[in-house]
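Notes to accompany the following structure.
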Amino acid sequence: MSLTKVTNDLLALGENTSSLNLPKGTTAQRPSSPVAGMVRENTDDNVIEYYNGTEWKQVKSTVPPILVDYLVIAGGAGGGSNGGGAGAGGYRNSYNNEASGGNSVSEDSLSLASGTSYTVTIGAGGASRVYPSEYQFVGNNGSDSVFSSITSIGGGGGGSNNNLANSGGSSGGQGTINTGTRSTTAGTSGQGSAGGGSTITGHPYPGAGGGGAGANGVTATTAGGNGGDGLTSSITGTSTTRAGGGGGTAGTGIGGNTRGLGGAGGGGNGGFYNTNGDNATINTGSGGGGSGDGLNSGAGGSGVVILRLLTSQYSGTTTGSPTVTTDGSHTVLTYTQSGTYTA
């Protein structure tokens, strides 16, 4: 081969669709008097290395950060017996500047380490209170949902005739009282809203609505208070409302005829006199409805964890059987039961 051809080929490497074969050898076979700019393949370490004038350095590929947006909703609580509607589970959201619970600001995306397994925990909804063994009990709180460092707190149970509502991600509404006033119970900052209070002067002794991710529960006066509305997110590519509060009971005395309705996003309706409260919708983190006098309260809805990341960075390694969908250039994982995601 002529010197001219060799020179031309070296000057036109960018036009060559084949390859350039670098010198290779072990660490011991490095040049004895290296100069800056030398490049070789180290067969001991299986890397490309270069001499910077002082020492041999490896050429390392830069792995871009794996950024994931999330919506983490905890389990909603159960309604109170003789009582108030339940609070929705805590609601934490990083997607597209959408609101987090209590209409707080959107959170920051998470940066995941490649090859690391991250735990996904789906919080259960609070169980209903069953008559007669749990008559006049405060509703059961929902359980926390977790993804990596993000924890959403379970919803607070609705109050009963004798006991104040519980706090939680969103808090429960106050239960029935014969007369007087009960204050609201605050939700968790950045995760949810307050349950409704009560101002009662007599029959029909209604219960207040539980807090939703997007609004406070309604105070009970002469009728059952509605549950607070949830929040809407398009993290999956479809606009969906979740985490509504449960409605309060219509009343414990005969004549109670207006029950509180569950908040938008899956909250359960309150019961009429001597009827059950309605269960919340599963995997929405919504609160259950408070029961009328002498029957069961509504159960809370289980939580959900939704992850969204670039399809080019999606590893495909999961447990817990999440639903996997695509939205443009992104892959979306919806977990309705606990599992893991490996970045």
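Residues in the sequence shown are numbered consecutively from 10, following our numbering.
Just so you know, even glycine gets a beta-carbon here, dropped at the ideal spot from N, CA and C.
Here the structure is a predicted model, which is why all the values come from computation and not from measurement.
Are Ala-86 and Asn-175 touching if we call contact CB-CB under 8 Å?
Closer than 8 Å, so yes.
Counting along the chain, where does the beta strand (DSSP E) carrying Thr-351 start and finish?
Here the beta strand (DSSP E) through Thr-351 covers 348-351.
Round the Cβ separation of Gly-280 and Thr-293 to the nearest angstrom and send it over; I've been treating them as touching at under 8 Å.
Between Thr-293 and Gly-280 the Cβ distance is about 20 Å, and since that is not below 8 Å, they are no contact.
Compare the C-alpha of Gly-348 against each of Thr-335, Ser-338, Thr-326 and Thr-334 and name the closest.
Of Thr-335, Ser-338, Thr-326 and Thr-334, the residue nearest in Cα terms is Thr-326.
According to DSSP, is Thr-258 helix, strand or coil?
Note: Thr-258 maps to coil in three-state DSSP.
In whole angstroms, what separates the C-alpha of Gly-269 from that of Gly-239?
Whole-angstrom Cα-Cα distance: 15 Å.
Compute the Euclidean distance between the alpha carbons of Gly-46 and Gly-124, then round it to the nearest angstrom.
So the alpha carbons of these two residues sit roughly 33 Å apart.
Return the chain-ordered list of same chain residues with a C-beta closer than 6 Å to the C-beta of Gly-134, the five sequence neighbours on each side being excluded.
Result list for Gly-134: Gly-84, Gly-85, Gly-151, Ala-308, Gly-309, Gly-310 and Ser-311, in chain order.
Which complete beta strand (DSSP E) runs does the region 213-251 hold, if anything under 3 residues is left out?
Runs of the beta strand (DSSP E) inside the region 213-251: 240-242 and 249-251.
Where Asn-287 and Ala-352 are concerned, what is the direct C-alpha to C-alpha distance, given to the nearest angstrom?
Before going further, note that residue 287 is Asp rather than Asn in the sequence given. Using only the alpha carbons, I get a separation of about 39 Å.
For Ala-136, which residues in the same chain have their Cβ closer than 6 Å to its Cβ, ignoring the five residues on either side in sequence?
Gly-87, Asn-149 and Ala-308, listed in sequence order.
Is it buried or exposed for Pro-5, if we count other Cβ within 10 angstroms and need 16 for buried?
No answer is possible for residue 5: the residues shown for the chain start at 10 and end at 352.
Where are the beta strand (DSSP E) runs, 3 residues long or more, that stay fully inside the region 29-87, in chain order?
Complete beta strand (DSSP E) runs here, min 3: 48-51, 56-60, 65-67 and 75-82.
Near Val-56, which residues of its chain fall below 8 Å by C-beta distance, leaving aside the five closest residues on each side in sequence?
The answer, listed in chain order, is Glu-50, Gln-67, Val-68 and Lys-69.
Should Thr-13 go down as buried or exposed, given a rule of 16 or more other Cβ atoms within 10 Å for buried?
Residue confidence is low: Thr-13 scores 49 on pLDDT, short of 50, so the model does not pin down where it sits. No coordinate-derived value is stated.
Out of Ile-291, Gly-296, Gly-337 and Ser-338, which one is the CA nearest neighbour of Gly-94?
The residue with the shortest Cα to Cα distance from Gly-94 is Gly-296.
Let me check understanding here. Comparing Cα to Cα, which of Ser-324, Thr-249 and Pro-213 lies closest to Gly-233?
Answer by Cα proximity: Pro-213.
Is the CB-CB distance between Ser-180 and Gly-196 below 8 Å?
Going by C-beta atoms, Ser-180 is nearer than 8 Å to Gly-196.
Alpha carbon to alpha carbon, how far is Pro-43 from Ala-122?
Rounded to whole angstroms, Pro-43 to Ala-122 spans 36 Å at the Cα level.
Consult DSSP for Gln-200 and reduce its assignment to one of helix, strand or coil.
Here Gln-200 sits in strand by DSSP.
Within the same chain, show all residues whose beta-carbon is closer than 6 Å to that of Pro-32, passing over the 5 residues directly before and after it, in chain order.
Result list for Pro-32: Arg-49, in chain order.
Ignore the nearest five residues each way along the sequence and tell me which others in Ser-338's own chain have a CB closer than 7 Å to its CB.
Around Ser-338: Leu-319 and Thr-320.
Could you compute how far the alpha carbon of Tyr-144 sits from the alpha carbon of Gly-205?
One C-alpha to the other measures close to 21 Å.
Is it buried or exposed for Pro-331, if we count other Cβ within 10 angstroms and need 16 for buried?
Pro-331 is buried by the Cβ-count criterion.
Sort Ser-113, Asn-225, Val-139 and Tyr-350 by Cα distance to Gly-92 and report the nearest one.
Checked all of Ser-113, Asn-225, Val-139 and Tyr-350; the closest Cα to Gly-92 is Val-139.
So what does Ile-159 bridge to, in DSSP terms?
DSSP lists Phe-156 as partners of Ile-159.
If I measure Cβ to Cβ from Phe-146 and keep anything under 6 Å in the same chain, skipping five residues before and after, which residues do I get?
Closer than 6 Å at the Cβ level, and outside the excluded window around Phe-146, lie Ser-90, Arg-138 and Ser-169.
Ignore the nearest five residues each way along the sequence and tell me which others in Gly-246's own chain have a CB closer than 6 Å to its CB.
The answer, listed in chain order, is Asp-336.
For the beta strand (DSSP E) containing Asn-102, list its first residue and its last residue.
Asn-102 -> beta strand (DSSP E) spans 100-102.
May I ask which residues mark the beginning and end of the beta strand (DSSP E) holding Gly-7?
Outside the displayed range of the chain (10 to 352) lies residue 7, so it cannot be described from this structure.
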